């Protein structure tokens, strides 16, 4: 395939612009494995790259931090023509041309063989969001969380990580409280397994209090900022929060009080440079015991390349529910 379609972003007169156009292999970053992309997915990070230029280390750039497809050429013995593979995170779509393209070229050490139990489409319904949600749950459980410990809060619940986390936690027997700024999505979140849906203002720290009434055995936090401040002040004794995003801001004001008086844990979750040895194990679990039961429901919907510019703007505005996958 000498020429193929891709979304290309660039800065023109200090303004980010994006266009779906034909490019060639010479326009792609170097890598040992060339992949015919079947699906990609849309993440908040993609919106930051494409709309704002944030995190984009090269321009022009094909964004898209996730992709799944079939190997069409390989210079690495670990992969051969016809293999179905997944590639997410690392520097894909930021420093390296990414998944919003009919063809991608990726370093072999960034590639995960598609696990048995997942289709290419399902792998992108999960994508970085599902991988991140699984990392959060595993870290919380490694730190002692069990369903018997009490309620688990998921903030930013109508987004990609939040939606999948709600469903995965419910599947594992947890009582889930979902917080969102879009309370019109309450029925959607309850369909995924939320026992209760609350407005995000109910878990936002407007008063700067170090401790509050203990409410949560644990929390999954893709938001950060004042929401994380509230969570840290209201975790139960020995509770943990897994922070994996910054949609609500990067600044967090707290004190040592909840950490030393309540023995709480603040767990940082990184999906970008997560070690491949453990990455493979998590993807195997996503194809097995951690595969969300709602994967075939309206947790995701599908668009084409031409729909991406509008969708990338919408995800930054908080207008996107669940997961969006891009079919090539």
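Residue numbers (my numbering): -19 to 308. We treat Cβ as the ideally placed atom computed from N, Cα and C, and that holds for glycine. No experiment lies behind these values; they were computed from the predicted model shown.
Taking C-beta separations shorter than 8 Å and ignoring five residues to either side along the sequence, the partners of residue 279 in its chain run 105, 143, 144, 147, 172, 272, 302, 303, following chain order. In this model, residue 8 and residue -1 are separated by some 16 Å (Cα to Cα). Boundaries of the alpha helix (DSSP H) around residue 119: 100 to 122. Boundaries of the beta strand (DSSP E) harbouring residue 21: 13 to 22, taken from the DSSP string.
Counting only runs that start and end inside the stretch 211 to 252, the beta strand (DSSP E) elements of at least 3 residues fall at 215 to 223, 245 to 248. Residue 230 sits close to residue 204, with the two beta carbons spaced by under 8 Å. The beta carbon of residue 153 sits closer than 6 Å to the beta carbons of 127 from its chain, once the five residues preceding and following it are set aside; these are given in chain order.
For residue 90, there is no enclosing alpha helix (DSSP H), since its DSSP letter is neither H nor E. Here the alpha carbons of residue 61 and residue 212 stand approximately 49 Å from one another. Looking at the DSSP output, residue 1 bridges to -14. The C-alpha of residue 70 lies about 25 Å from the C-alpha of residue 269.
Rounded to whole angstroms, the gap between the alpha carbons of residue 235 and residue 248 is 17 Å.
Judged by DSSP in its simplified three-state form, residue 269 adopts coil rather than helix or strand. Annotation: the continuous beta strand (DSSP E) that includes residue 176 extends over 176 to 179. Secondary structure at residue -5: strand, using DSSP grouped into helix, strand and coil. Going by beta carbons, residue 108 and residue 45 fall inside the 8 Å limit. For the set 130, 40, 88, the Cα lying nearest the Cα of residue 29 is the one of 40.
With a beta-carbon spacing of about 3 Å, residue 79 and residue 47 fall inside the 8 Å limit used to define contacts. The straight-line gap separating the alpha-carbon atoms of residue 134 and residue 241 is approximately 23 Å.
The residues 116, 134, 145, 222, in chain order, have a CB closer than 6 Å to that of residue 200 in the same chain once the five nearest residues on each side in sequence are set aside.
Exposure of residue 164 is indicated by the presence of fewer than 16 other C-beta atoms within 10 angstroms of its C-beta.
Counting along the chain, the unbroken alpha helix (DSSP H) around residue 142 starts and ends at 140 to 151.
In the structure shown, residue 274 adopts coil according to DSSP, grouped into three states.
Assigned with DSSP and collapsed to three states, residue 305 falls in strand. Counted as a single uninterrupted DSSP element, the stretch harbouring residue 160 is not any alpha helix (DSSP H) but the beta strand (DSSP E) occupying residues 156 to 160.
In the assembly as shown, residue 76 is a buried residue. Its beta-carbon has 16 or more other beta-carbons within 10 Å. Rounded to the nearest whole angstrom, the CA to CA distance from residue 183 to residue 299 is 20 Å.
Our two residues, residue 267 and residue 202, have alpha carbons roughly 23 Å apart in a direct line. Beta-bridge pairing by DSSP links residue 134 to 158, 200.
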